[in-house]
Every structure is written in structure tokens, then in C-alpha cells.
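Peer 1:
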Amino acid sequence: MRLVWRSRLHRDLAAAVFAALLAVLSQIALPMPWGIPITLQTFAVALCGYVLGPALGPVAVGVYLALGAVGLPVFSGFAGGAASLLNVTGGFLWGFLPMALLCGLGSRRGKLPALLLGLCGLVVCHGWGVVQFALVQSLPLWTAFLTASAPYLVKDLVSLAAAYAAARAVVKALGKAKLGETL
Numbered sequence: 000m001r002l003v004w005r006s007r008l009h010r011d012l013a014a015a016v017f018a019a020l021l022a023v024l025s026q027i028a029l030p031m032p033w034g035i036p037i038t039l040q041t042f043a044v045a046l047c048g049y050v051l052g053p054a055l056g057p058v059a060v061g062v063y064l065a066l067g068a069v070g071l072p073v074f075s076g077f078a079g080g081a082a083s084l085l086n087v088t089g090g091f092l093w094g095f096l097p098m099a100l101l102c103g104l105g106s107r108r109g110k111l112p113a114l115l116l117g118l119c120g121l122v123v124c125h126g127w128g129v130v131q132f133a134l135v136q137s138l139p140l141w142t143a144f145l146t147a148s149a150p151y152l153v154k155d156l157v158s159l160a161a162a163y164a165a166a167r168a169v170v171k172a173l174g175k176a177k178l179g180e181t182l
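One point on numbering: in numbering that gives the first Met the number 0, the residue at position 101 of the sequence shown is 100, and numbering is uninterrupted.
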């Protein structure tokens, strides 16, 4: 599943639309008692990678992070500012970049490689998130993993698979709309 954009304008607009989609899906949140809400961010990041590919997917995520870093309230809970990238959940935000890249690399291959590369991206994202959570909270890594990662793994695995399925439909629809060619 690979999409080649018909023009630079289509490509650039797609990156902007997916950055906006990530911002919107970040606001759909279920608060949890240990401080990290359940959101649709993982789904949106994987979708960015799977639809936009390894070059443009991380660009869309980078735009989202840059908008949040300068203070726009795009992060979960309408948070924004550089402090959001340095707080207990900031590592997960940084981890979105390699996750989008790996999902994008997977989009150029078959279903199994795409899901496996997406899983690798999820591991990297959670790894960065756990390390930053542990550092900010002064916790051992195992405790940080049990608090900040383990409760979300099943949801994130389902999100990854759902994003892959949705991406196939989106790429097909974009091809039919003549915004790009599917290869």
C-alpha cells in the first residue's frame, strides 16, 4: 500500500490534514488515576505513518509536535508548550516520530511486515515514554513501565491494527479521488 501524490500541494495538504487529525484525536481522552489518559493518539500516529509513508508521516507528526511546543493546545487535555515535551508524558510524544517512521516503512511492504514494523515503532514509543516517565518521576524503569506503559499496551496494539486497516481504506479512497496513485 503506497500512495504517490499527484502534486506537492496535495502532499503538503495531506501532511497538514494529518497533523490536524492527530491534534483532534489527542483530545478524545479518558483520564486514568495514574495521570496518563487513554487517547487515540497512537491510532492517529500509526495512521499518519501508514497513509503518508516514511518521509511524510514523521513530517505530519513533527508539525503536530512543533505546534504543541510553541504553545498551541494540541496535546492531550488541550495542553501545549515546551513543558509538555519535558513532563512525565513527553517521552511518548517524542516517541511518535520514530513510530510514524516505522509505520511508514511498513506501509511499503505487505501486511505482516507493516504490522511488525508498526509494533517496533510502538516499542520505541513506549520505551522513550517509560524512560522519560522514570526520569521525571525518579522511579525505577520497571515501576515506570508498570505505571506508564503496561496499562496501555492492549489498547495500543488494537489501535495499531485498526490504523493499518483504516489506512488501507484511506489510501484506496485517495487513489479513487485522484489525489494520488496507489502502487
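Built from N, CA and C at the ideal position, the CB exists for glycine as well.
Computed from a prediction, not measured in an experiment: that's the story for all the values here.
Could you tell me the alpha carbon to alpha carbon distance between P97 and P57, rounded to whole angstroms?
Peer 2: Here the question's residue 97 lines up with position 98 in the sequence shown. Here the question's residue 57 lines up with position 58 in the sequence shown. Approximately 7 Å, taken between the alpha carbons.
Peer 1: Which residues mark the beginning and the end of the beta strand (DSSP E) in which A3 is found?
Peer 2: Taking the sequence shown and counting its residues from 1, one reaches residue 3 at position 4. The question names Ala, but residue 3 is Val in the sequence shown. Where V3 is concerned, the enclosing beta strand (DSSP E) stretches over L2 to W4.
Peer 1: In chain order, what residues of the same chain lie with their CB nearer than 7 Å to the CB of A165, ignoring the 5 residues before and after it?
Peer 2: On the sequence shown, position 166 is the one that residue 165 refers to. Cβ within range, chain order: L46.
Peer 1: Could you give the distance in angstroms between the alpha-carbon of A22 and the alpha-carbon of S83?
Peer 2: Taking the first residue of the sequence shown as position 1, residue 22 is located at position 23. Taking the first residue of the sequence shown as position 1, residue 83 is located at position 84. Their Cα atoms are separated by approximately 14 Å.
Peer 1: Helix, strand or coil for T38? Go by DSSP, reduced to three states.
Peer 2: Numbered from its first residue, the sequence shown carries residue 38 at position 39. DSSP places T38 in strand when its eight states are reduced to three.
Peer 1: Please state whether DSSP places L178 in a helix, a strand or coil.
Peer 2: The sequence position of residue 178 within the sequence shown is 179, counting from 1. In this structure, L178 counts as coil in the three-state DSSP scheme.
Peer 1: Does DSSP put L71 in a helix, a strand or coil?
Peer 2: Taking the sequence shown and counting its residues from 1, the one referred to as residue 71 is at position 72. Reduced to three states, the DSSP call for L71 is coil.
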